[in-house]
Amino acid sequence: FLVGGGEAMTEPLYLAFRKLGVLAESGRSCAPGDAQSQGMRLGEGAAYLCLEKLEFAQARGATVRAHVIGYGNAFEPPESEAVLVHVSDRAVARAIQLALEEAGLDAREIDVVASSLSGIAQFDLAEMTGITAALGGEVAVAAPKTVFGETFGASGAIAMACALTWFSGAVVAPLVQGVVTERPRHVLVLSVGYYGNASALVLRAS
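Numbering (my numbering), first residue to last: 30 to 235.
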């Protein structure tokens, strides 16, 4: 399977998020994870990964870069149907816990989180709260969207691609919490939606 996504910028998409008031204005902070952040930057891009059973990859002599060992998904609706966008720290924590259970890992075995932090303070705070609840406050957290912007349907795949580079020896960056002093073995990739949904994926270096 080719797994991933791509996103191209359009004027209607830009206008929709501008009307929601979540875009950073020129010259104002949009650093993901920063409580003073004034919004997000939009981006575009694509990333696709080949996902297959290990025996198939070995049979064709493929280079195995990582193993998918755990997945979790959770959803929590807003308190009011009038709310257009919504984030849930409990959904984030539950998705992480489910992924850890399937992977058979303890929270302390996660070396770094490839987060979905984008610069929207309310969403970033909820995500960090969920990460802390599930993994503790010392886990290293990286924010790929600092570099790539908010790429929506491509963001999860781009974060997975970042994890593959980290497994290969690239510097884990940009970090918004914690430190990574050695090449990571387990990376947890988070994807947090705008409607109370969250997904977590655990990757193990090959």
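Where a beta carbon is used, it is the ideal one built from N, C-alpha and C, also for glycine.
Euclidean distance between Cα positions of residue i and residue j
i, j, result
"residue 109", "residue 127", "26 Å"
"residue 78", "residue 119", "29 Å"
"residue 54", "residue 84", "50 Å"
"residue 12", "residue 81", "Nothing about residue 12 can be read from this structure; the chain reaches only from 30 to 235."
"residue 233", "residue 140", "10 Å"
"residue 68", "residue 51", "5 Å"
"residue 198", "residue 112", "43 Å"
"residue 201", "residue 91", "25 Å"
"residue 116", "residue 89", "42 Å"
"residue 165", "residue 87", "36 Å"
"residue 227", "residue 144", "11 Å"
"residue 236", "residue 191", "Here the chain covers residues 30 to 235 and nothing more, so residue 236 does not appear."
"residue 72", "residue 211", "30 Å"
Cβ shell of residue i (< 6 Å), same chain only, five flanking positions each side left out
i, result
"residue 106", "225"
"residue 125", "163, 229"
"residue 123", "103"
"residue 46", "52"
Reduced DSSP category for residue i - H, G, I as helix; E, B as strand; rest coil
i, result
"residue 184", "helix"
"residue 67", "coil"
"residue 114", "coil"
"residue 142", "strand"
"residue 98", "strand"
"residue 121", "helix"
"residue 196", "helix"
"residue 104", "strand"
"residue 80", "coil"
Of the residues the options, the one placed nearest residue i, counting alpha carbons only
i, options, result
"residue 138", "201, 102, 167, 187", "167"
"residue 160", "179, 189, 49, 129", "129"
"residue 36", "212, 75, 197", "75"
"residue 99", "43, 144, 221, 215", "215"
"residue 101", "133, 148, 169, 158", "133"
"residue 217", "96, 183, 87", "96"
Beta-carbon contacts of residue i that lie in its chain and below 8 Å, excluding the five residues immediately before and after
i, result
"residue 169", "140, 141, 142, 201, 204, 206, 207, 208, 209"
"residue 49", "113, 114"
Within 8 Å, strictly: CB atoms of residue i and residue j
i, j, result
"residue 193", "residue 94", "yes"
"residue 221", "residue 121", "yes"
"residue 186", "residue 34", "yes"
Own chain partners of residue i with C-beta closer than 7 Å, once the 5 adjacent residues on each side are dropped
i, result
"residue 158", "118"
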